[in-house]
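Working notes, beginning with the structure itself.
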Amino acid sequence: MPDWTEKYRPTTLSDVRGNNKSVKQLREWADDWDSGEEREPALVHGEPGVGKTSAVHALANDMGWTVVEMNASDARTADAVEEVAGEATRSAGLTGGRTLVVMDEADNLHGNADRGGSRAVTEMVKEANQPVVLIANDIYEMSRSLRNACREIEFRNVSARSIVPVLRDICREEEVEFEKEALKAIADANSGDLRGAVHDLQAVAEGRSRLTVDDVRATGSRDTTEDIFEFLDTVFKGNDLAGALSDARDVDESPDDLIHWIDENMPKVYKKEELRDGYYRLSRADVYLGRTRATQNYSLWRYANDNMVGVQTARRGRKEGWTRWSPPSTFRRLGRTRSKRDTRDSLARKVGEDSGASMASARDDFFPYMRLLFEDDETARQLSARLDLDADEVSYLTGWSESRAEEVVGDDELEPEEVEEEDEDESQSTLSNF
Numbered sequence: 008m009p010d011w012t013e014k015y016r017p018t019t020l021s022d023v024r025g026n027n028k029s030v031k032q033l034r035e036w037a038d039d040w041d042s043g044e045e046r047e048p049a050l051v052h053g054e055p056g057v058g059k060t061s062a063v064h065a066l067a068n069d070m071g072w073t074v075v076e077m078n079a080s081d082a083r084t085a086d087a088v089e090e091v092a093g094e095a096t097r098s099a100g101l102t103g104g105r106t107l108v109v110m111d112e113a114d115n116l117h118g119n120a121d122r123g124g125s126r127a128v129t130e131m132v133k134e135a136n137q138p139v140v141l142i143a144n145d146i147y148e149m150s151r152s153l154r155n156a157c158r159e160i161e162f163r164n165v166s167a168r169s170i171v172p173v174l175r176d177i178c179r180e181e182e183v184e185f186e187k188e189a190l191k192a193i194a195d196a197n198s199g200d201l202r203g204a205v206h207d208l209q210a211v212a213e214g215r216s217r218l219t220v221d222d223v224r225a226t227g228s229r230d231t232t233e234d235i236f237e238f239l240d241t242v243f244k245g246n247d248l249a250g251a252l253s254d255a256r257d258v259d260e261s262p263d264d265l266i267h268w269i270d271e272n273m274p275k276v277y278k279k280e281e282l283r284d285g286y287y288r289l290s291r292a293d294v295y296l297g298r299t300r301a302t303q304n305y306s307l308w309r310y311a312n313d314n315m316v317g318v319q320t321a322r323r324g325r326k327e328g329w330t331r332w333s334p335p336s337t338f339r340r341l342g343r344t345r346s347k348r349d350t351r352d353s354l355a356r357k358v359g360e361d362s363g364a365s366m367a368s369a370r371d372d373f374f375p376y377m378r379l380l381f382e383d384d385e386t387a388r389q390l391s392a393r394l395d396l397d398a399d400e401v402s403y404l405t406g407w408s409e410s411r412a413e414e415v416v417g418d419d420e421l422e423p424e425e426v427e428e429e430d431e432d433e434s435q436s437t438l439s440n441f
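Here our numbering = 1-based position in the sequence shown + 7.
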C-alpha cells in the first residue's frame, strides 16, 4: 500500500494546512525572486513533520519551477555542492524557466568544513543564479555565516485543530467512516507533527471500514522522537531486537553520536563476557562508520546501526531496575575544547586558502614549519599580515602569550595593505616552498 503521507502530499500552497503566515512568507520570497527585487536564499526551519518540505515542493509546483534536490549527507564535499549547483543551472537552461535548488537537513552540514562542504554551500547560496531553499530542523546547528546569508522562514507545530481536517479528508478519500473523537485523539497524540498524525492514521485505519476512538486507544500513541534514555533502556535491558532497530532510526541522534552514548553507558550494565561481546559489536559498528566517512556512502549507516543495536545480544540474563544514563564524556571534552578547535580550524582555513592546500594538510604539514618561521619577528609580522591572522590564531600556532601575539598582529605595520611589495613577494615564496 502507498504511504499516505506521500499519496496526500499537497501539490499547491493553498492545500498546505496550518502555518498560514509562514506559507505567505514563502510565497512572498518566491515572488521577490521571480521579480528580481531580492534574490536571497530561503532558510525554512521548524520541528520534524510540520510540513516544511511539502510546502517547498508545493511552492515549486505553483511557480512552475523545476526542482533539484540534495541532502546535507550528500553535500560533504565542495565538488558535490558544485555539481548540484551546476545541474540547477543546466536544468534552467534546458527548460527556459527557473530551477529551485532544495537542500534538506541543512543543519547536518556542521563538521564537514574539512572537505569544503559547508563553506561551498555558503558560497553557493550567496552567488546562486537560481532560487535556493535550505530546510532544517534546528537552525542553531548551522553556521552563523550560512544563517545570515538566508531569509529565515519558521514553520511552527501544526495545531490539533488544523490536523483534524487533514485526517478527515484522508478518511473520506479512503472511504473510511470515523468518529470525530478518534481523529482528535490522533491529532492530540502527535503534538503538532502533521506527518506523524497521518502515519498513525494509516496504521490504525488501513484495512478498516470504520475508525473508532477505541481503535486509536488500543494501538497506543507513537512518540515523535525516541528519547535517547528510552533507547538505551531498550538496547541494554529489552528483549525486542527488531524494536530496538526501529528505535535506532527514530532516536534524535546521528549514528556517529549514538555509538558514543552506547560506549559510555555499556559498563554501567554489562560485566565481563557481556562487555567483551558488546564491545566487539561496537567495534564492528565503528568500522562501518569509518567506511561511511571514507566513501561518503551513507547507506552503510544501516550496518553500523545493526551492530550498535546488536550489543543487546551480548547480555546474559535479565537487567532490571533504574540506571542513571550519562552523556558521553567525549561530548564534555569537545565542549571544553570547542573554542580552541574553532581557532585551529580558522587558522587552517586561512593557510589552506592562501596556499591551495586542504585544511588537513595545513594543520599537519604547514603548521610545524610556520612555527619555525614565526621565531623570526619580521617573518611573523609579514605572515600574520598576509594571512590576516588574529591574536588567538597566532597564540594557538606559536604558544605565545596573548599579549605577545597581540603585539605582532596589532602593529600598524602589519596591516595587509601596508606590507611592502618586496616583502609580500618574499612571504609568498616562503609560504609556497613548504
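Cβ atoms here follow ideal geometry from the backbone N, Cα and C, with glycine treated the same way. If you're wondering where the values come from, they're calculated on a predicted model, not measured in any experiment.
Quiz item: Helix or strand or just coil, what does DSSP make of Met149?
Solution: coil
Quiz item: Under the rule that 16 or more other beta-carbon atoms within 10 Å means buried, what is Arg168, buried or exposed?
Solution: exposed
Practice problem: Count the CB pairs spanning the stretch 312 to 325 and the stretch 246 to 263 that are closer than 8 Å, and state whether there are at least three. | Solution: yes
Quiz item: Skipping 5 residues on each side, what residues in its chain have a beta carbon closer than 7 Å to that of Ala194?
Solution: Ala167, Ile170, Val171, Leu174 and Ala204
Self-check item: Leu390 and Leu380 closer than 8 Å at C-beta
Solution: yes
Quiz item: In angstroms, rounded to a whole number, what distance separates the CA positions of Pro48 and Glu181?
Solution: 38 Å
Quiz item: Asp419: buried (16+ other C-beta within 10 angstroms of its C-beta) or exposed?
Solution: Note that Asp419 has pLDDT 40, beneath the 50 cutoff, so the model's placement of it is unreliable and no number is given.
Practice problem: Give a yes or no on whether the C-beta atoms belonging to Arg370 and Ala387 are separated by under 8 Å. | Solution: no
Practice problem: Look at Val30 and Ala62 and say whether their C-beta atoms are less than 8 Å apart. | Solution: yes
Exercise. Return the residue from the list Ile142, Gly43, Trp72 and Glu44 that minimises the CA-CA distance to Val57.
Key: Ile142
Practice problem: Could you have a look at Ala311 and say whether DSSP puts it in helix, strand or coil? | Solution: helix
Quiz item: So with Cβ pairs under 8 Å, would you call Ser261 a contact of chain D?
Solution: Here there is only one protein chain, and chain D is not present.
Quiz prompt | Backbone CA spacing between Ser21 and Met77 [nearest angstrom] | solution = 25 Å
Quiz prompt | Cβ-Cβ distance between Thr19 and Arg202 below 8 Å | solution = no
Quiz item: Is it true that the CB of Trp407 sits closer than 8 Å to the CB of Pro335?
Solution: no
Exercise. Determine contact between the stretch 277 to 285 and the stretch 319 to 333, defined as no fewer than three beta-carbon pairs at a distance below 8 Å.
Key: yes
Self-check item: CA nearest to the CA of Arg108, picked from Glu260, Val132 and Arg217
Solution: It should be noted that the sequence gives Val, not Arg, for residue 108. Measuring from the Cα of Val108, the nearest candidate turns out to be Val132.
Quiz prompt | Cutoff 8 Å; reference Val23; Cβ partners in own chain excluding five residues on either side | solution = Pro17, Val30, Gly58, Ser61, Ala62 and Ala65
Quiz item: Any idea which residues DSSP pairs Glu54 with across the strands?
Solution: Beta-bridge pairing links Glu54 to no other residue.
Quiz item: When you compare only the Cα positions, how much space is there between Val75 and Trp36?
Solution: 18 Å
Quiz prompt | Same chain only: Cβ atoms within 6 Å of Met70, ignoring 5 sequence neighbours per side | solution = Ala37
Quiz item: Taking C-alpha atoms, which residue in Ala192, Ser198, Phe185 and Asp247 lies nearest to Arg215?
Solution: Phe185
Practice problem: In the DSSP assignment, find the beta strand (DSSP E) that holds Glu159 and state where it starts and stops. | Solution: Arg158 to Glu161
Quiz item: If you compare alpha carbons, which of Gly43, Leu50 and Val294 is closest to Gln32?
Solution: Leu50
Quiz item: Taking buried to mean at least 16 other C-beta atoms within 10 Å of its own C-beta, is Glu213 buried or exposed?
Solution: exposed
Quiz prompt | Beta-carbon proximity of Pro55 to Asn144, cut-off 8 Å | solution = yes
Quiz prompt | First through last residue of the beta strand (DSSP E) which encompasses Thr106 | solution = Thr106 to Asp111
Practice problem: Taking the CB atoms as reference points, tell me whether Glu409 and Ala392 lie closer together than 8 Å. | Solution: no
Quiz item: By a C-beta neighbour count over all protein chains shown, 10 Å radius and 16 as the cutoff for buried, is Ala292 buried or exposed?
Solution: buried
Quiz item: Can you tell me where the beta strand (DSSP E) with Leu265 in it begins and where it stops?
Solution: Element bounds for Leu265: not the beta strand (DSSP E) but the alpha helix (DSSP H), Pro262 to Val276.
Quiz prompt | Opening and closing residue of the beta strand (DSSP E) in which Val258 lies | solution = Segment: none, Val258 is in no beta strand (DSSP E) and carries neither H nor E.
Exercise. Could you spell out the range, first to last residue, of the beta strand (DSSP E) harbouring Val165?
Key: Taken as a continuous stretch (DSSP letters only), Val165 belongs to no beta strand (DSSP E), as it is neither H nor E.
Exercise. Identify whether Phe185 lies in helix, strand or coil by the three-state DSSP scheme.
Key: strand
Self-check item: Cβ neighbours of Asn272 in the same chain (closer than 8 Å, five flanking residues each side left out)
Solution: Leu239, Phe243, Thr330, Trp332 and Ser333
Exercise. Can you grab the Cα-Cα spacing for the pair Glu237 / Val258, in whole Å?
Key: 9 Å
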